[in-house]
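2 protein chains.
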Amino acid sequence: MPPLQEPTFLVLTALTGEPLHGYGILQQVTALSGGAVVLGAGTLYGALDRLAEQGLVAVEREEAVDGRLRRYYRLTDEGAARLATEVERLRRNANAAAAGLRRRGFQAGLE
Amino acid sequence: MPPLQEPTFLVLTALTGEPLHGYGILQQVTALSGGAVVLGAGTLYGALDRLAEQGLVAVEREEAVDGRLRRYYRLTDEGAARLATEVERLRRNANAAAAGLRRRGFQAGLE
DNA sequence: CAGCATGTTACGATTGACGTAATATCACGG
DNA sequence: CCGTGATATTACGTCAATCGTAACATGCTG
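Line by line, the protein sequences are chains A and B.
Reminder that position 110 of the first sequence reads as 109 in numbering that gives the first Met the number 0, one-by-one numbering, no gaps.
Reminder that position 102 of the second sequence reads as 101 in numbering that gives the first Met the number 0, one-by-one numbering, no gaps.
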């Protein structure tokens with residue numbers, strides 16, 4: 000179980016709320032990263048395919064609006080569990096690094 | 000400035016203390032991840048080359064012990080600053096995901 | 001009508017991690 | 001003494017994921 004990369008992690012995070020379709024995820028990720036992360040189309044749909052294959056997200060339903068497809072994804076229970084595991088990993092890593100920086104007298108990264 | 004991946008992040012973290020040579024970093028990373036992350040040789044030295052190229056680590060000195068080379072690396076100021084930035088990123092991401100999971104009624108990942 | 005927002009698909013390129021083998025020395029156990 | 005494991009680095013090739021962009025299609029707005 001390799002660590003999730005940031006884009007993938009943020010896709011799961013975006014789906015902790017309402018089920019969203021691809022474009023909605025794009026916007027949600029931008030929003031919750033404060034504009035710091037803007038996914039490209041390739042990254043997003045590639046990530047969704049992989050996540051669906053792994054059972055971490057699932058297609059909720061498909062809508063056709065004006066002939067344009069909207070495919071809604073939801074986070075599965077497995078996806079939520081995986082995300083929780085990742086949160087722990089991030090916190091562990093962040094704390095280890097912050098402790099090292101603090102020892103060094105570095106005044107940033109404290110909390 | 001793309002996000003650092005876990006192995007690279009942990010290499011920088013290992014170097015927040017004493018300067019270490021490659022093999023020492025390997026052990027330090029294993030130790031501070033609680034055995035969860037064991038870097039392969041290819042991953043480590045590849046990461047060190049890239050980090051040195053970016054000025055985030057620098058060669059402190061080289062020792063020859065029994066004809067075996069030891070190349071010691073240290074974290075640069077730039078590397079420490081970069082690591083601090085990454086810590087913030089990890090915390091931001093972890094908090095966003097934890098908040099989403101909590102809203103969902105997920106009982107893990109709280110702090 | 002040009003441009004932008006909405007949505008998804010489909011590429012190719014690049015990056016970084018991964019795995020493993022080669023090289024070399026020393027210590028330890030059977 | 002000979003294999004194995006620890007110490008250390010180099011050198012591959014492969015794979016997974018991101019990135020970037022273009023294409024396609026519709027509707028609204030200036």
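The C-beta atom is built at its ideal place from N, Cα and C for all residues, glycine as well.
Since the structure is predicted, the reported quantities are computational estimates derived from the model, not experimental observations.
Hey, could you find the ends of the beta strand (DSSP E) Ala63/B is sitting in?
56–64
Which of the three DSSP states is assigned to Gly108/B in this structure?
Note that Gly108/B scores 46 on pLDDT, short of 50, meaning its location in the model is unreliable; the coordinates nonetheless yield the value given after this. Gly108/B: coil per DSSP, three-state reduction.
Just to check my reading of the structure: Leu100/A and Ala79/B have Cβ atoms closer than 8 Å, yes? What is that Cβ distance to the nearest angstrom?
Sure, about 6 Å apart at Cβ, within 8 Å.
Interface residues of the segment 73–85 of chain B facing chain A [CB-CB below 9 Å]:
Leu74, Ala79, Ala80, Leu82, Ala83, Thr84, Glu85
How many Å lie between Ala35/A and Tyr71/B at the Cα?
35 Å
Chain A contact residues for Thr7/B, given Cβ-Cβ distances below 9 Å:
Within 9 Å Cβ-Cβ: nothing; Thr7/B doesn't reach chain A, min ~11 Å.
What is the DSSP secondary structure of Leu19/A, counted as helix, strand or coil?
Three-state DSSP puts Leu19/A in a strand.
Exposure of Val144/A, with buried meaning 16 or more beta-carbon neighbours within 10 Å
Residue 144/A is absent from the structure shown; chain A starts at 0 and stops at 110.
Among Pro18/B, Glu85/B, Arg103/B, Gly23/B, the one whose alpha carbon lies nearest that of Glu5/B:
Glu85/B
Should Ala98/B be listed as close to the ligand ATP, given that the test is whether its C-beta is under 7 Å from any heavy atom?
As for the ligand ATP, it is missing from this structure, which has no ligand bound.
What does the Cβ neighbour count give for Leu68/B, buried or exposed, with the cut at 16 atoms within 10 Å?
Exposed: under 16 other Cβ atoms inside 10 Å.
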